[in-house]
Structure formats: structure tokens, C-alpha cells
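> Handing you a structure now.
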Amino acid sequence: MSKTSALRVVGADDAANTAIPNDLQAFWMPFTANRAFKARPRMIARAKDMYYYTPEGRQIMDGTAGLWCSNAGHGRDPIVQAIQKQAAELDFSPTFQYGHPKAFELASRIAALAPNDLDHVFFCNSGSEAADTALKIALAYWNVRGKGSKTRLIGRERGYHGVGFGGITVGGIVPNRKFFGTLLAGADHLPHTYNRAEQAFSKGEPEWGAHLADDLERIVALHDASTIAAVIVEPMAGSTGVLPAPKGYLKRLRELCDKHDILLIFDEVITGFGRLGAPFASERYGVTPDIITFAKGVTNAVAPMGGVIARKNIYDTFMTGPEHVVELFHGYTYSAHPLACAAGLATLDLYRDEGLFERSKALEPVWADAVFSAWRDIPGVLDIRQVGLTAAVDFEPNKGGVGKRGFECIDRAFHDEGLMIRTAGDTIAVTPPLIVTEAQIGELTEKVARVIKATA
Ligand SMILES: Cc1ncc(COP(=O)(O)O)c(C=O)c1O
């Protein structure tokens, strides 16, 4: 019987076509060394609060809030109940030409958390879609304003804006780009903000580096501002290994974008929803971009959701022309999916009721002291970076070559220490849920220290 036959009768003589429950081959895992994983899996079966559990019931501390997203910890009852209720009440309804109340309510709640006049929310399903949506809104905005020559998009080296073609075009992580052709035309990149000689072992935002924003002047001189639509940066570059913005850098970028009439986009997919001790990093830094992208923490990662928050003048620019005509030809079937909206509303309630953004801010000095005291004196440690409830540690490669030690750290942390971490080359990044206790911070940083020492 063919594998694709619609009517399959599975019997003993049909073993070849039967799904094998424990077969790991069919799932082509994302951003994963598939062969190494399948030879020695790190399997997660359930989660509660600060912990994951393997299928055998072994406890794994969540050192990474999943993928920088489970900010309120796992299995939180109010969110679980909200999506159960929502699934029974309204499983799906389109948001093209129709609406459902929770989409509007969630948009209002997010707009209220966002700074200044960032008042309008466009929903999608991931951070990658959020980045592409933001770039498209920027391009369309200039078009509608009659400045259609403003088409260039400026990103930054070492930036990560997801994996769509827009996101990898403005992103600056080499392996995410080099396999995928020539990408979108007309992009350029600011230099990244990391300089170990000047910044090593800075607590919080480094003193050195604000001037790197001035490179935008060089890019403007090269291309002319009349061709540039937008600049997109992460306020803290997470995926590349936690690079906090140097002091004053974002403010300088804002001033230059104003000077040259260029839109400024903050990708807050990681930094949104409390990671840096405020609803958005924009508030921490007192800098208002024109567009913010978000995802991850908006639903505590319980349901996929992303989105874009735009300033009032951007939204208003589109609200012209005949009223029956669609103003922005963009959207996703699952934009503002009812389950994601229900999860989002319950999540924002939880953040508010448990004061998790404030908790994140209050814990930051404890976190900073813990990571520096646990890791600084380990032989071979080259740098520690920390901002908000996030930290990274760089260490020398071992004899396996660049990146091997980082990989060994993931494996050892999981199997020997019961800890989930992230790595980027020979860098470990940790970024726990905002519910982490002081005792758990001590435990987490000690586990990381043992892993670094054991893989030297
Ligand atoms: C800053 C930033 N933008 C975009 C993304 C992409 O998000 P997603 O994986 O949900 O597409 C990420 C993911 O880590 C991110 O850190």
C-alpha cells in the first residue's frame, strides 16, 4: 500500500507504513544538530513553573525560559484555563473582514503597555513574521506618503530578526544568511556593538560603544536618506550571545533616524514583556522607536503569537482613501488567533497580578552579582555579559575546536546537571523565567559553572 494512500489499513504485514512511536527520524529538527540529538536525545515530556521533566520524570531546571519566552514559568493555571475555555467557546474566526472581541481587547492591553503613542497593534504568529511585518509596514508607509524611493532596510551585524527573508536580510548572523542566496536587495548593516577589549566583564550596559551608532551617518552618506526606509535593531542582541546596547547607543540611533527621516524599529521579541525589567526595553532606555516587534512572552509561549506595535502617525498615514478599501495588504490566517488572544490576555493578567516585570527589575542586581561571582574566576572564561534577567559567558574553545565545547555544555548540562541552557558557539546564555527565586539563581549559576569547568 502506498505511503500516501488516503485509506490506510495498518496490519502486521504493513509494518513499513506504520508510524513507529519511538522513531526519531521523521522530525527534521529546527536549529538542531539532528544526528547528535537523535544519537543521544534530550527529551522533555512536561513542565511546571521553573522545571521541565524528562519522560522518565527527571527534573530539568529551565535556565532559558524555554527559548526566552516562558517568562511566567510553565503550566500556569490561569493561562491553561483560559485557552481551554477559549477552545470550547470560539476555536477560530478569521480576522480578515471579521473580528472577535479578544483580539481588540488584547491589542488595547498591549498598546497600553507600549510607550508613548505606539498605539496600534498588528498581530502575526511569531517573531520572524513580526520582523517581516514591521519591514513591510515601513516600506508601505513611505510608499503611501509618496516617498516610494525610501526602500533600503538597515540592520546590524550579529542581529537576529528570525528566519524569514526580510529578517535574514537585515539580520547579521552569518550561517543564517550564507546558505540562502542573495536575500532582499538594498539592505545594509550597522556594525555590531561588541568589543571585548573595551567592554569585557561589564555589568549591565557597557560604557563604551555609543559612537558606533554614528555609523548610520556613513550609510546615509553612501546611499542618501532618500533611499532609506528603516533601521531595525534589537535593544539587546540575544541570539548572538547577549550583547546589551552600550550606554547612550539607542538614544543616538534615535536622534540620527530623526535627523534623516528614517523609521526606527526595535525588535523586542526577547526584550519585551519584562526580560529587561520593564514592559519593553524602550522604556528602560527612555527611547521611543516608531515600531516595536514582539512575540514570545506575549502569551508566555503557550500559544504562538507575534505582532507589531506602530506609532499613531504610522497607522493614521494608512487610514486614507475610500473606506471600503483594504488599507494594508498584509495579514496571516492566524493573525490574532482566538486561542493566542486568550493566552495573551491571561498572561498579561498574570504579569500584572504577580508583578513580574517589577520582580525582574528587583532581581537584576542579585542576578548580576550571582553570575559574576560564580563564573568570573573560572580559568578560560573570557567575558561575562549581563542585562536584565539575562546573562552570557564566553569561554575558550576546548581541543574539539570552536563550538565543540559549547555543544558539550548543552549535553552535559542536561544529562549531568539537570539544566536547560542556550549556546552560541563557545558561549552559554541563560535567561530564566522571571519567577526564578534567589535560591534558584544560586543553583543555576553553580550548575553552569560546573558545566564550564567539566568541558575545558
Ligand atoms: C530578536 C528576535 N527577533 C525575532 C525572533 C524570531 O522569532 P521566532 O522564532 O518566533 O520566529 C527571535 C527569536 O529568538 C528574536 O530573538
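Numbers in the numbering used here are just positions in the sequence shown, counted from 1, shifted up by 749.
Cβ coordinates follow ideal geometry from the N, Cα and C atoms, glycine included.
Below 8 angstroms on the Cβ atoms is my contact criterion, and I expect Thr1204 with Glu1157 to pass it. Report the Cβ-Cβ distance as a whole number of Å.
That belief holds up - the Cβ atoms of Thr1204 and Glu1157 are roughly 4 angstroms apart, short of 8 angstroms.
> What residue range does the beta strand (DSSP E) around Tyr800 cover?
Residues 800-802.
> Should Ser877 be listed as close to ligand 1, given that the test is whether its C-beta is under 6 angstroms from any heavy atom?
Yes.
> Just list the residues that DSSP pairs Phe1043 with in beta bridges.
For Phe1043, which the question treats as bridged, DSSP gives the partners Gly1056.
> Going by CA-CA distance only, name the one from Ser875, Asp1132, Asp772 that's closest to Asp1016.
Comparing Cα positions, the closest option is Ser875.
> Given a cut-off of 7 angstroms on the beta-carbon distance, is the pair Ala1052 and Leu1088 in contact?
Their beta carbons are under 7 angstroms apart, which means Ala1052 touches Leu1088 by this criterion.
> Exposed or buried, which one is Arg757 when buried takes at least 16 other CB atoms within 10 Å?
Low local confidence applies: a pLDDT of 41 at Arg757 is under 50, so the model's placement there is unreliable, and no value is given.
> In whole angstroms, give me the CA-to-CA distance for Cys1171 and Glu1195.
What sits at residue 1171 in the sequence shown is Arg, not Cys. So the alpha carbons of these two residues sit roughly 16 angstroms apart.
> Say yes only if the C-beta of His941 is nearer than 6 angstroms to one or more non-hydrogen atoms of ligand 1, and no if none qualify.
No, ligand 1 has no heavy atom inside 6 angstroms of this Cβ.
> Do you know how far the Cα of Leu773 is from the Cα of Ala764?
Low local confidence applies: a pLDDT of 49 at Ala764 is under 50, so the model's placement there is unreliable, with the coordinate-based value given in what follows. Near 16 angstroms, if we compare the C-alpha coordinates of Leu773 and Ala764.
> Relative to the C-alpha of Ser951, which residue among Met1169, Pro993, Ile922, His910 is closest?
Of the listed residues, the one whose Cα sits closest to Ser951 is Pro993.
> Going by C-alpha distance, which of Thr1020, Phe853, Tyr1034, Val980 is nearest Leu1012?
Closest option to Leu1012, Cα to Cα, is Val980.
> For Ala1044, is the beta carbon positioned less than 6 angstroms from some heavy atom of ligand 1?
Yes, the beta carbon of Ala1044 sits closer than 6 angstroms to at least one heavy atom of ligand 1.
> What do you reckon, are the CB atoms on His972 and Arg901 nearer than 7 angstroms?
Result yes, Cβ atoms of His972 and Arg901 sit closer than 7 angstroms.
> Assuming Ala860 and Val870 form a contact by the criterion Cβ under 8 angstroms, report the distance between their Cβ atoms to the nearest whole angstrom.
Correct: roughly 6 angstroms between the Cβ atoms.
> Who are the Cβ neighbours of Ile809 in its own chain at under 8 angstroms, not counting the five residues just before and after it?
Within the same chain, Ile809 has close Cβ partners Ile793, Tyr800, Tyr801, Tyr802, Thr803, Phe1163, Gly1167, Leu1168, Met1169.
> Tell me the rounded alpha-carbon separation between Asn865 and His823.
Distance between the alpha carbons of Asn865 and His823: 31 angstroms.
> Is it buried or exposed for Thr1180, if we count other Cβ within 10 angstroms and need 16 for buried?
With 16 or more other Cβ atoms within 10 Å, it is buried.
> Under a Cβ-count criterion, where at least 16 other Cβ atoms within 10 Å of its own Cβ denotes burial, should Glu1187 be classed as buried or exposed?
Its Cβ having fewer than 16 others within 10 Å, Glu1187 is exposed.
> Quick one, are the C-beta atoms of Val1120 and Arg1161 less than 7 angstroms apart?
Against a cut-off of 7 angstroms, the Cβ pair of Arg1161 and Val1120 comes out as no contact.
> Cβ of His1086 within 6 angstroms of any heavy atom in ligand 1?
Not so, every heavy atom of ligand 1 lies at least 6 angstroms from the Cβ.
> Should Asp1016 be listed as close to ligand 1, given that the test is whether its C-beta is under 6 angstroms from any heavy atom?
Yes, ligand 1 has a heavy atom inside 6 angstroms of this Cβ.
> Have a look at Glu1004 and Gly1035 and give me their C-alpha separation to the nearest angstrom.
Rounded to the nearest angstrom, the two C-alpha atoms are 13 angstroms apart.
> Measuring only from the beta carbon, is His910 closer than 6 angstroms to any heavy atom that is part of ligand 1?
Yes, ligand 1 has a heavy atom inside 6 angstroms of this Cβ.
> Taking 6 angstroms as the cut-off, is the beta-carbon of Ile1019 closer than that to any non-hydrogen atom of ligand 1?
Yes, Cβ of Ile1019 sits closer than 6 angstroms to a heavy atom of ligand 1.
> Just to check my reading of the structure: Tyr909 and Thr989 have Cβ atoms closer than 8 angstroms, yes? What is that Cβ distance to the nearest angstrom?
Tyr909 to Thr989, Cβ: 6 angstroms. Contact.
> For Ala775, name the three-state secondary structure that DSSP assigns.
Of the three classes helix, strand and coil, the one that applies to Ala775 here is coil, per DSSP.
> Buried or exposed: His1281, going by 16 or more other Cβ atoms within 10 Å of its Cβ?
Examination of residue 1281 is not possible in this model, given that the chain is present from 750 through 1205 alone.
> Check whether the stretch 1090-1099 and the stretch 1038-1050 touch, using three or more Cβ-Cβ pairs below 8 angstroms as the test.
A contact exists between the stretch 1090-1099 and the stretch 1038-1050.
> Does the Cβ of Trp777 have 16 or more other Cβ atoms within 10 Å, making it buried, or fewer, making it exposed?
That one is exposed.
> CA-CA distance, Ala1141 and Arg791?
Between Ala1141 and Arg791, the C-alpha separation is close to 22 angstroms.
> Quick check on the DSSP output: the beta strand (DSSP E) that includes Phe1163 runs from which residue to which?
Phe1163 -> no beta strand (DSSP E), and no H or E assigned at all.
> Closest to Ala1185 by CA distance: which of Leu1002, Val1151, Leu1138, Glu838 is it?
It is Val, not Ala, that sits at residue 1185 in the sequence shown. When only C-alpha atoms are compared, the closest one is Leu1138.
> Should Glu983 be listed as close to ligand 1, given that the test is whether its C-beta is under 6 angstroms from any heavy atom?
Under cutoff, so the answer is yes.
> In the DSSP assignment, what residue or residues form a beta bridge with Leu902?
Partner(s): Ala936, Ala979.
> Which value, in whole angstroms, describes the spacing of the CA atoms of Arg1108 and Glu854?
So the two alpha carbons sit approximately 25 angstroms from each other.
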